[in-house]
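Novice:
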Amino acid sequence: MTTPYLRTRALVQAKDLLQALGDPTVSADALEQIRARTAEVLRHYPNLADLQKLHDAAPELIGPPPPFSRLSGSQSVVGVIGVVAPPEV
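Residues in the sequence shown are numbered from 123 upward in steps of one, following this note's numbering.
1. Quick one: any contact between the segment 164-173 and the segment 127-140, if contact means 3 or more CB pairs under 8 Å?
2. Starting from L183, trace the alpha helix (DSSP H) both ways and give me its first and last residue.
3. Could you check if Q174 is buried or exposed, using at least 16 other CB atoms within 10 Å of its CB as the buried criterion?
4. Could you give the residue range of the alpha helix (DSSP H) that holds D151?
5. How many whole angstroms separate the CB atoms of P188 and H177, which I take to be in contact at a CB cut-off of 8 Å?
So, in structure tokens, the structure goes:
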């Protein structure tokens, strides 16, 4: 069972992974280690429902989850109700 602590840890670890992936000095061997850690981090990474709860509890800290599937690139709604797109600048 994923706990709030594990979700928070996954967010912090995901940031570390993204920084490592963005580092141009990372070797191919290091990339294999990063890929291996990715599954561990994603196991407890917050899903869209968790993000909605975070937004509901602290809207000044985190925005609502996107209303579309980022994996497929589809604009179809995946079950988030009441999400309003940010105004265009």
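We treat Cβ as the ideally placed atom computed from N, Cα and C, and that holds for glycine.
Just so you know, these numbers come straight off a predicted model, no measurement behind them.
Specialist: With the given structure in hand:
1. Taking 8 Å as the limit for Cβ pairs, the verdict is that the segment 127-140 does touch the segment 164-173.
2. Stepping through the sequence shown from its first residue, residue 183 is reached at position 61. It is not in any alpha helix (DSSP H) - L183 carries neither H nor E in the DSSP assignment.
3. Residue numbering aside, residue 174 sits at position 52 when the sequence shown is read from its first letter. Classified as buried, Q174 has 16 or more neighbouring CB atoms from the shown chains inside 10 Å of its CB.
4. Position 29 of the sequence shown, counted from the start, is the residue given in the question as residue 151. First-last of the alpha helix (DSSP H) with D151: A150 to R165.
5. Position 66 of the sequence shown, counted from the start, is the residue given in the question as residue 188. Position 55 of the sequence shown, counted from the start, is the residue given in the question as residue 177. In fact, because the Cβ distance is near 11 Å, the residues do not count as touching under 8 Å.
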